[in-house]
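Asks:
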Amino acid sequence: MLRSLFAGISGLRANQSALDVAGNNIANANTVGFKSSSAIFQDTLSQMLTGGSRANGARGGGNPVQVGLGVQLAATALNLGQGSAQPTGRPTDLMISGDGLFVVKADGEQLYTRAGAFTFDDQGVLVTPSGARVQGYQLDANGDPTGAPGDITLDPANAVPAAPAGVQLKSYSFGSDGKLTGVFDDGVSRQLGQIALADFNNPMGLERIGETAFRASPSSGTPQLDVPSEGRRGTIMAGTLEMSNVDLAAEFTNLILAQRGFQASSRVISTSDQVLEDLVNIKR
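Sequential numbering from 1 applies to the sequence shown in full-length UniProt numbering.
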């Protein structure tokens, strides 16, 4: 009888976790670049009552008799499907069309995100709303990325071809290849850098850390950095943001399933309690 009580308790915990996951998805339905998750259950250890047996000349074989001991949360699977595009008209709002993640640096740590709501700060550095610095490549004389990723800036000293002394930047824009192009007051367009994108062997293994950002983990593998359109990396859409990929219809269905699972597990506990009460009262 105690097995059913503990199995019911495990069902309460697992379905509560499913409710938590669905609730978090719904809460972030309008969060830029948010990726939803789903709860995956698995059974726990089973108690062996009778082991299986081989067939012999006199009798056939028998299957093992086992009683399960409940359920547990196996994983929260990350859904990296593409979110819908929301045009904003702001040149620093960037969206990745395809795979890959933006690379940002915060407090010396390299992080990854799909949220492209960027802006240039007072120092001319491309940053996220929380101040993390967006990473990219400087370009050589041929316009090819060179060196290790660093900050993307509006510094004329990084211009390719080189800008004469005293020339000032008038406007800028990002291309589909992630290159930042500036128009200077001498009428010449010069490239100032190129956005870096990260790819992972197992992006579902990334660790959420808040602020719509991820951290690499042992299960995700090491980040593979390159420019847009290289390998599996997508292209850049400027003036557009990627919205959350939360499907509200699916999430409300998941809420109903988790609620019914919770209610059924509660009924298992109440029924087990009633049977125990009847057992105690047999002697009366």
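Virtual Cβ for every residue (Gly too), placed ideally from N, Cα, C.
If you draw a straight line from the C-alpha of Glu242 to the C-alpha of Gly182, how long is it?
Replies: The alpha-carbon atoms of Glu242 and Gly182 are separated by roughly 24 Å.
Asks: Compute the beta-carbon to beta-carbon distance between Asp155 and Thr146, rounded to the nearest angstrom, for a pair I have assumed lies under 8 Å.
Replies: With a Cβ gap of about 16 Å, Asp155 and Thr146 do not count as contacting.
Asks: In chain order, what residues of the same chain have a beta carbon less than 7 Å from the beta carbon of Gly231, not counting five sequence neighbours either side?
Replies: Excluding positions up to five away in sequence, the list reads Asp199.
Asks: Which runs of the alpha helix (DSSP H) at least 4 residues long sit entirely within the stretch 155-211? Give them in chain order.
Replies: You should have found no qualifying run.
Asks: I'd like the span of the beta strand (DSSP E) that includes Gln82, first residue to last.
Replies: Neither: Gln82 is in no beta strand (DSSP E) and is coded neither H nor E.
Asks: Rounded to whole angstroms, what is the Cα-Cα separation between Gln66 and Ser46?
Replies: Computed Cα separation, rounded: 6 Å.
Asks: Less than 6 Å between C-beta atoms, sequence neighbours within five positions excluded: which residues of the same chain meet that for Leu197?
Replies: Within the same chain, Leu197 has close Cβ partners Gly100, Pro228 and Arg233.
Asks: Considering only their Cβ atoms, is the gap separating Phe102 from Thr92 smaller than 8 Å?
Replies: Not in contact: Thr92 and Phe102 (Cβ atoms no closer than 8 Å).
Asks: Residues in its own chain within less than 6 Å of Ser38 by CB, not counting five upstream and five downstream?
Replies: Taken in chain order, the residues that qualify are Ala77.
Asks: Determine the direct distance from the alpha carbon of Ser10 to that of Phe120, and round the result to whole angstroms.
Replies: Approximately 50 Å between the Cα atoms of the pair.
Asks: Just confirm the distance between the C-beta atoms of Thr128 and Ser176, as a whole number of angstroms; I'd bet it's less than 8 Å.
Replies: At roughly 21 Å, the Cβ-Cβ gap does not stay under 8 Å, so Thr128 and Ser176 are not in contact.
Asks: Helix or strand or just coil, what does DSSP make of Thr235?
Replies: Strand at Thr235.
Asks: Report the three-state DSSP secondary structure of Gln263 (helix, strand or coil).
Replies: Helix.
Asks: Please report the straight-line C-alpha distance between Thr88 and Gly8, rounded to a whole angstrom.
Replies: Looking at the two C-alpha atoms, the distance is approximately 49 Å.
Asks: Classify Asn202: buried if its beta carbon has 16 or more other beta carbons within 10 angstroms, exposed otherwise.
Replies: By the 10 Å Cβ count, Asn202 comes out exposed.
Asks: For Arg190 versus Ala163, is the C-beta spacing smaller than 8 Å?
Replies: Yes. Within cutoff.
Asks: Grab me the residues of Asn79's own chain with a C-beta within less than 7 Å of its C-beta, minus the 5 sequence neighbours each way, in chain order.
Replies: Closer than 7 Å at the Cβ level, and outside the excluded window around Asn79, lie Lys35, Ser36, Ser37, Ser38 and Asn245.
Asks: Would you identify the three-state DSSP class for Lys105, choosing helix, strand or coil?
Replies: Lys105: strand per DSSP, three-state reduction.
Asks: Is the beta carbon of Ala238 closer than 8 Å to that of Phe184?
Replies: Against a cut-off of 8 Å, the Cβ pair of Ala238 and Phe184 comes out as no contact.
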